[in-house]
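Undergrad:
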Amino acid sequence: MTGPVAVVVDTPQHAGLGGALDYLSEQTLAPGTLVRVPLGRREVAGIVWPHATRPVPEVVLRPIAQQLDAMPALAPQWLSLLEFAAGYYQRGLGELALAVLPPELRKLDASQLAQRLRRLHKKLRPADDAAAAPVALPTLNDEQTAALVAIDAAAVDPHAPPLLLHGVTGSGKTEVYLRAAARALERRRQALMLVPEINLTPQLLARVMARFPAQRVVALHSALTPAQRLQTWLLAHLGLADVVLGTRLAVFASMPRLGLVVVDEEHDASYKQQEGARYSARDLAIYRAHLERVPVLLGSATPSLETWHHVLSGRYRRLALERRIGGAALPRVRVFDMGRLPRVQGPPPVLAPPLLEALRERLARGEQSLVFLNRRGYAPVLHCTACGWKSACAHCTAWRVFHKHDRTLRCHHCGFTERVPRACPECGNLDIAPLGRGTERLEEQLGELLPGARIARFDADATRGKGNLERTLAAVHAGEIDVLVGTQMVTKGHDFRRITLVAAVNPDAALFSSDFRAPERQFALLLQAAGRAGRDAAATTPSEMWIQTWHPQHALFAALREHDYARFAGSQLDERRSAGLPPFAHLALLRAEARDAAVAQAFLRAGAETAATMAEAEGVMIYPPVPPTMQRVAGIERMQMLVESSARVRLQRFLSAWLPKLHEVRFAHKGLARWAVDVDPQAI
Ligand code: ADP
Ligand code: ZN
Ligand code: ZN
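All residue numbers for the sequence shown refer to the working numbering, where the first residue is 96 and numbers rise by one.
Have a look at this one:
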């Protein structure tokens, strides 16, 4: 008996328009079965999708070419997750569903897949599946125990709310994740652990690997080779891996026995995908857990305001870890007012004298310090002292950054790189000088201020080569470094034991950003940075966090001084409420890119015109198009238009109706390079 089946394929024609096509099958195929189907002259991978209720077309259907049923079908919950994600983020179902599969999997035919699976099973002989060498588990403290009890209760309550594990830095959150995962495994379920970055924190990966039986843990992230990614994905899909530790794309891992979802550092902006389908892995993780009726644990010392709002309104439940492990004290926060320095000619000193003194004391006592500056390179811009020329990028609305070690000017946005000119390109003056300071220059200046100190730098440049990142971290852990200089990379999750002083030398730039999320991000960043200090309860000297600022009265620093997240979050939420910003409003951005800004703008205007009646019916506000802060990147002009609604469902209904219209409008604007809808945009 043959019948039509709906197959979802990745075709550009169907972007944003569903994407299921009908094919003929000789036998009944379970939804979620991977198939290969003819499409035009090609043969492509597809996924059998549950029949939509729609009339089967009268045209003659083409038969399915192959079914890849050597592996089990994707579970109905996985299909539901993808349907939700495509709908919510306004992407084509086929485009998204196939894009989140390993690229290698999409290339295999039935016999190749069967061969891969045989090889995989051979590799995993039971002998290899021995238990991990037993590690001595710490005895949980009261707060950790209470958290675990709540997670256990959520595992048997299908209506349990999402759980926020709100713990100060070093309070043992990771230990709770590991125990909760172990409990899931005892129930014969799989655990999904999402982290913002795996490569940055090899320590975390090692900790997870050491805790569970070998081969039962896999890491799923974008730095894997295609073959590794396929193998990892298959191990999770076949249920052979019990713990999947991964970055945002792992939220789509197929896990047939899912029993727990953990989102570590849930506030981290890197959970939001910034191109293609602009999904939030944190939000999808919550939805996925809800679909599968399993507990979801969001962990953070500084939860996102969205999450905090849900806690305050009772939709999420907060589990608190208020104390550091072993009673280690949080660092004392010292806000130094740069305005108090005596006025002298020229730029202010790199380090305020009392901070320099504090660093010298730590050095003399053999303790480590961390100096944090969120800007890499030597100086953010070079300028000519005679004519005022500055090292602008020819292709972007940005300065090119001076990198001294290889004497280049580099654009951090488009990559445009040139040797530093010997003389000013405008006037020939030989005196061109760096303006401002990045980590490379800070490292150099600290070397002059702290003679004899062993200084290391931890940023995207210094850790680029293979093994460099691990080497630097190992040297810090081994006590071979006295002062660590770094960008935000250094603030993330590292369990440094010997650092007793952290200094933020230029935290002011973020205070006056036009992005309404900037204060929230900066607070999280500074509290994370502070969290690297004083993690060893046995240390004898109290730890400190220094802030050098020209704005010591800023509310952000006042809250930081008290380590008072709740106060800061409360005041931010008040501001957001009165300004009608998220989480009290729901936003989407329509982004457009073209060589000519006028083309992008015309597209957005036309888009707004087609939307006018629908927007009015749904009570959705459409703001006029504006350029983003970085208007031009790599020679392409960008424009954006904000759409706002007080209700998520209204915004969703509006966007779903608007999207097909936008596809039509797009055809009338030939010069447009790209356009995209960004639901719940991160940066505005
Ligand atoms: P967080 O994730 O909140 O920063 P971690 O889970 O990394 O905290 O814990 C910090 C350190 O304390 C780690 O070295 C961890 O092994 C240790 N630790 C966690 N819980 C306990 C405990 N109950 N007893 C002793 N040590 C613990
Ligand atoms: Zn000049
Ligand atoms: Zn550029």
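Ideal Cβ positions, reconstructed from N, Cα and C, are used throughout, including at glycine.
These numbers were taken from a predicted model, which means no experiment stands behind them.
1) Any heavy atom of ligand 1 closer than 7 Å to the beta-carbon of S818?
2) With a cut-off of 8 Å, do at least 3 Cβ pairs link the segment 387 to 397 to the segment 610 to 630?
3) Tell me, please, whether the segment 508 to 528 touches the segment 478 to 491 by the rule of three or more beta-carbon pairs shorter than 8 Å.
4) With which residues is W144 paired in a DSSP beta bridge?
5) What residues are listed by DSSP as bridge partners for M304?
6) Would you list the residues whose beta-carbon is nearer than 5 Å to any heavy atom of ligand 3, in the order they occur in the chain?
7) Since I believe P776 is in contact with L699 (beta carbons under 8 Å), could you give me their beta-carbon distance rounded to a whole number of angstroms?
8) Using the Cβ count rule (16 or more neighbours within 10 Å means buried), how would you classify Y718?
9) Would DSSP call F497 helix, strand or coil?
10) Applying the criterion that 16 or more other CB atoms from any shown protein chain within 10 Å of the CB defines a buried residue, is C491 buried or exposed?
11) How close, in whole Å, do the beta carbons of C509 and A301 come, if the pair is a contact with beta carbons under 8 Å?
12) Check whether the Cβ of P481 lies closer than 7 Å to any heavy atom of ligand 2, and answer yes or no.
13) Compute the minimum distance between the beta carbon of Q239 and the heavy atoms of ligand 1, and state whether it is under 7 Å.
14) Who are the near neighbours of P720 in its chain, counting only those whose CB is closer than 6 Å to its CB and skipping five residues on each side?
15) Excluding the 5 residues preceding and the 5 following D337 in the sequence, name in chain order all residues of the same chain whose CB lies nearer than 6 Å to its CB.
16) Taking Q667 as part of the beta strand (DSSP E), name the residues at either end of that continuous run.
17) Spatial neighbours of G581 within its chain, please: CB distance less than 6 Å, with the 5 preceding and 5 following residues excluded, ordered by chain position.
18) Taking 8 Å as the threshold (C-beta atoms), are V303 and V339 in contact?
19) Among P426, H589, E565, which has the Cα closest to the Cα of E657?
20) Any idea if E535 is buried or exposed, counting beta-carbon neighbours within 10 angstroms, 16 or more meaning buried?
21) Within 8 Å, do at least three Cβ pairs link the segment 230 to 237 to the segment 356 to 372?
22) Do you know offhand how far R559's Cα is from I420's?
23) Look at the Cβ atom of A125, then the Cβ atom of V100, and state whether they are nearer than 8 Å.
24) Do you know offhand how far A604's Cα is from T128's?
25) Cβ of I594 versus every heavy atom of ligand 1: is any distance shorter than 7 Å?
26) In three-state terms, what does DSSP make of R612?
27) Just to confirm my understanding: we take G461, look at its own chain, exclude 5 residues before and 5 after, and list those with CB closer than 6 Å. What are they?
28) With DSSP as the reference, label Y184 as helix, strand or coil.
29) For L232, count the other beta carbons within 10 Å of its own beta carbon; 16 or more makes it buried, fewer makes it exposed. Which is it?
30) Quick check: the Cα distance between E543 and V439, rounded to an integer number of angstroms?
31) Tell me whether D590, by its Cβ, gets closer than 7 Å to a heavy atom of ligand 1.
32) Check Q326 in the structure and name its three-state DSSP category.
33) Could you pull out every residue in the same chain whose Cβ sits closer than 6 Å to the Cβ of A692, ignoring the five residues on either side in sequence?
34) Could you check where the beta strand (DSSP E) with I550 kicks off and where it finishes?
35) What do you get for H216, buried or exposed, if any count of 16 or more other CB atoms within 10 angstroms of its CB means buried?
36) Quick check: what's the CA-CA separation for G523 versus W641?
TA: Put simply:
1) The question about residue 818 has no answer here: the residues shown for the chain are numbered 96 through 779.
2) yes
3) yes
4) A101
5) Bridge partners of M304: none, in fact.
6) C488, H490, C491, C506, H508, C509, F511
7) No, L699 and P776 are not in contact; Cβ-Cβ is about 15 Å, not under 8 Å.
8) exposed
9) strand
10) buried
11) With 8 Å as the limit, C509 and A301 do not qualify as a contact, their Cβ atoms being about 36 Å apart.
12) One detail in the question is off: residue 481 reads as Ala in this sequence, not Pro. Yes, ligand 2 has a heavy atom inside 7 Å of this Cβ.
13) yes
14) Q696, L699, M734, M736
15) L280, Q285, R311
16) Taken as a continuous stretch (DSSP letters only), Q667 belongs to no beta strand (DSSP E), being part of the alpha helix (DSSP H) at 660 to 674.
17) F553, D554
18) no
19) P426
20) buried
21) no
22) 33 Å
23) no
24) 52 Å
25) no
26) coil
27) none
28) coil
29) exposed
30) 20 Å
31) yes
32) helix
33) E732
34) 550 to 553
35) exposed
36) 42 Å
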